[in-house]
Amino acid sequence: MNTSWQLVVDCADPQLMVEFWSQALHYAPEPPPASHQTWRAYWQEMGVPEEELPPGAGDLAESLVDPQERGPRWWFQQVPESKSIKNRLHVDLLVGGGRGVPFEQRKQRVRQEAKRLVSLGAVIRHEMNSPEMDHFAVCLADPEGNEFDVV
C-alpha cells in the first residue's frame with residue numbers, strides 16, 4: 000500500500016503562516032482545485048457546513064506545495080485556541096550542508112538562513128553550538144510561536 004502524507008499546522012492566522020512558511024521553505028501557496036475561485040467555494044461545493052468555515056476561511060490559500068514536488072503539502076488549519084506549550088514535533092530546515100561541510104562553514108550558512116528567517120517574522124530562541132559534537136543549529140519560532148530549527 001502506498002502512503003502519502005501532509006503536515007497540518009493548527010494556527011490562528013493561516014494567511015500569515017502561508018506567507019511566512021512559503022518563503023521559509025521556498026514553497027508556493029496551493030491554488031484551489033480547477034473550476035473553483037477559492038478553497039472556500041470548493042469546500043462549500045463538497046458540503047462542508049458553513050458553521051465549520053470561520054470568516055475568511057478558504058478565501059486565500061491556506062496550504063503550501065513544493066514546486067519541485069519533493070516535499071509534503073503543508074496545510075494551515077485555523078483553530079480558535081492559541082499555542083500554549085512547546086511543540087511535541089518540530090521541523091528542521093537543513094541548510095548547513097551536512098557533516099561533509101566544514102563546521103565553521105555550516106555555522107555561517109545556518110546563521111545566514113536564521114537571519115533571513117528573522118527578517119520574515121521568525122524569532123531566534125537560542126543557538127545550539129557544540130563543536131565537540133560537530134553540531135550547530137539555531138532554534139527559532141515562527142510568527143505564531145511554533146519552534147523549528149535551522150541546521
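According to numbering that gives the first Met the number 0, the sequence shown is numbered sequentially starting from 0.
Beta carbons are placed, not taken as given, at the ideal position from N, Cα and C, and that holds for glycine.
Per DSSP, what kind of secondary structure is Met-127 in: helix, strand or coil?
Of the three classes helix, strand and coil, the one that applies to Met-127 here is strand, per DSSP.
Does the separation of the CB atoms of Val-94 and Arg-110 fall below 7 Å?
The answer is no: Cβ separation not under 7 Å.
Can you tell me which of Ile-123, Val-64, Glu-126 puts its alpha carbon nearest to the alpha carbon of Trp-4?
Ranking the options by Cα distance to Trp-4, first place goes to Val-64.
Extent of the continuous alpha helix (DSSP H) run through Val-17
Per DSSP, Val-17 belongs to the alpha helix (DSSP H) from 13-24.
Measure the alpha-carbon distance for Glu-49 versus Val-8 and round it to whole angstroms.
Val-8 has its alpha-carbon roughly 21 Å from the corresponding atom of Glu-49.
Note down the Cα distance separating Gly-120 from Asp-141, rounded to an integer number of angstroms.
Going from the Cα of Gly-120 to the Cα of Asp-141 covers about 7 Å.
Let's test the definition: count the other Cβ atoms within 10 Å of the Cβ of Pro-161 and tell me whether it reaches 16, buried, or not, exposed.
Residue 161 lies beyond the range of the chain shown here (0 to 150); nothing can be said about it.
Sort out for me which residues DSSP pairs Pro-28 with in a bridge.
Here Pro-28 is bridged, per DSSP, to Leu-63.
Identify the continuous beta strand (DSSP E) that holds Ala-113 and give its terminal residues.
Where Ala-113 is concerned, there is no enclosing beta strand (DSSP E), although the alpha helix (DSSP H) it sits in stretches over 102-119.
Endpoints, the alpha helix (DSSP H) within which Arg-39 is located
First-last of the alpha helix (DSSP H) with Arg-39: 38-45.
Tell me where the beta strand (DSSP E) around Ala-136 begins and ends.
Counting along the chain, the beta strand (DSSP E) containing Ala-136 begins and ends at 134-140.
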